[in-house]
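> Let me begin by handing over the structure; questions about it come next.
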Amino acid sequence: MEFRIFYALLPLLIITGGTAFAQESLLSVETDDNNYDEGDTIVIFGNVNTVIGDTPVLIQIVNEGAIVEIAQITVGQDGTFTKIIIAEGGVWKKGGDYTIRAFYQEHIAESEFTFTPKSQMTETTTNFEVDAGSKGTFDVEYTIKGGTVKNIVVDSEIFALIVQIDAIDEGTITLDLPREFIGAEKQDGKDDTFIILIDGIEVAYQESVVGSDSRVITINFEQGDSDIEIIGTYVVPEFSTIAVMILIIGIMATIVMTRNKIQIKI
């Protein structure tokens, strides 16, 4: 009895399976390349085996669940369709694998490609001129990948340089910090570690070069980060806050000692 049921259902399974495969082959979608850089032209093309009136093909380009592009494409009388998209602007910011999904009534087809934004293609290395107040200016050489540097300012109250960035993707920034203007030192004059805060949260950093004139550090950041605080024990040491406090304490101590001497003589 069980064998009879199996053989009775077998033709249905074959028909169902054949229909599924036929449906998959009714629609196809491809691109003219497998890898694109920001600014490239993406040519999307495909074919519909059975044209259904004026029904268009709906195209979605998806990255990690987010829709990057969406379009309707007119199908030609021969069943072909083509769409040209420029990979830039909008949400074309994140590198990785992208999926093209084509919809034609109940039929779905997919294709994949890899996208690389400009932030991942090149690194920017240049100098930034930092305002040092009455000391003029000084240069900080940096290399950034994944964003751009908007500004670098001195915060003398916390002995820090604040690097303001536009992080369009996760990346890194390497800074060559001149000892003359910023440093982190122990009481014995030996190097101490910097405190690095990104938008108020402490993060780790790597130090690659320790020279007599500068220290080179590298900091990783995430997409959307903005302020990187590099806190040391001094910044632009021209009567810094600590020096002023020490001077005031010294003056006050001298005054007190002088008064005591005068009282003793009287």
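Okay, so the sequence shown: first residue is 2 according to the working numbering, each after it adds one.
From the three backbone atoms N, C-alpha and C, an ideal C-beta is built for every residue, glycine too.
#1: Between GLU231 and TYR37, what straight-line distance do the alpha-carbon atoms span, to the nearest angstrom?
#2: Measure the alpha-carbon distance for THR194 versus THR234 and round it to whole angstroms.
#3: State the DSSP-derived secondary structure class of SER227, mapped to helix, strand or coil.
#4: For chain C, is any of its Cβ atoms less than 8 Å away from the one on ASN35?
#5: Roughly how many whole angstroms lie between the Cα atoms of VAL204 and TRP93?
#6: Flag this pair as touching only if the segment 166 to 178 and the segment 220 to 228 have three or more C-beta atom pairs under 8 Å; answer yes or no.
#7: For ILE199, count neighbouring C-beta atoms within 10 Å of its own C-beta (all shown protein chains included) and say buried if the count is 16 or more, exposed if not.
#8: Over the uninterrupted alpha helix (DSSP H) stretch that includes SER112, give me the two end residues.
#9: For GLN121, which three-state DSSP category applies?
#10: In chain order, what residues of the same chain have a beta carbon less than 7 Å from the beta carbon of ASN64, not counting five sequence neighbours either side?
#11: Decide yes or no for the touch test of the segment 133 to 142 against the segment 152 to 170: beta carbon pairs closer than 8 Å, at least 3 of them.
#12: I'd like to check one pair, ILE74 with ILE53: are the Cβ atoms closer than 8 Å?
#13: Could you give the uninterrupted runs of the beta strand (DSSP E) lying entirely in the segment 28 to 105, keeping only those of 3 residues or more?
#14: Give the range of the beta strand (DSSP E) segment to which GLU142 is assigned.
#15: Suppose the cutoff is 8 Å on Cβ atoms and the five residues either side in sequence are ignored; what does the same chain contact list for ASN50 look like?
#16: Check whether the Cβ atoms of ASN39 and SER112 sit closer than 8 Å, and answer yes or no.
#17: In angstroms with no decimal places, state the Cα-to-Cα distance between GLY90 and ILE145.
#18: Per DSSP, what kind of secondary structure is GLY184 in: helix, strand or coil?
#19: Would you mind reading off the limits of the beta strand (DSSP E) that contains ILE159?
#20: On the DSSP bridge assignment, give the partners of TYR235 in chain order.
#21: ASP41 and PHE114 look like a contact to me (Cβ under 8 Å); what is the Cβ gap, rounded to whole Å?
#22: Considering just the uninterrupted stretch of the beta strand (DSSP E) at SER135, what are its terminal residues?
#23: On the DSSP bridge list, what partners appear for GLU275?
#24: Have a look at MET122 and GLU181 and give me their C-alpha separation to the nearest angstrom.
Once the coordinates are examined:
#1: In the sequence as displayed, the identity of residue 231 is Ile instead of Glu. Answer to the nearest angstrom: the Cα atoms are 36 Å apart.
#2: 9 Å
#3: coil
#4: The structure shown has no chain C; it contains just one protein chain.
#5: 28 Å
#6: yes
#7: buried
#8: Looking at the DSSP string, SER112 is not in any alpha helix (DSSP H); the run it does join, the beta strand (DSSP E), is 108 to 117.
#9: helix
#10: LYS95, GLY97, TYR99
#11: yes
#12: no
#13: 28 to 32, 36 to 38, 42 to 49, 58 to 64, 67 to 74, 81 to 87, 97 to 105
#14: 138 to 156
#15: SER26, LEU27, LEU28, GLY80
#16: Strictly speaking, residue 39 in this sequence is Glu, with Asn absent from that position. Going by C-beta atoms, GLU39 is not nearer than 8 Å to SER112.
#17: 21 Å
#18: strand
#19: Note, ILE159: premise wrong, no beta strand (DSSP E); not H, not E.
#20: GLY184
#21: The Cβ separation is near 10 Å, so there is no contact.
#22: SER135 -> no beta strand (DSSP E), and no H or E assigned at all.
#23: Given a span of 2 to 267 for the chain in the structure shown, any question on residue 275 remains unanswerable.
#24: 34 Å
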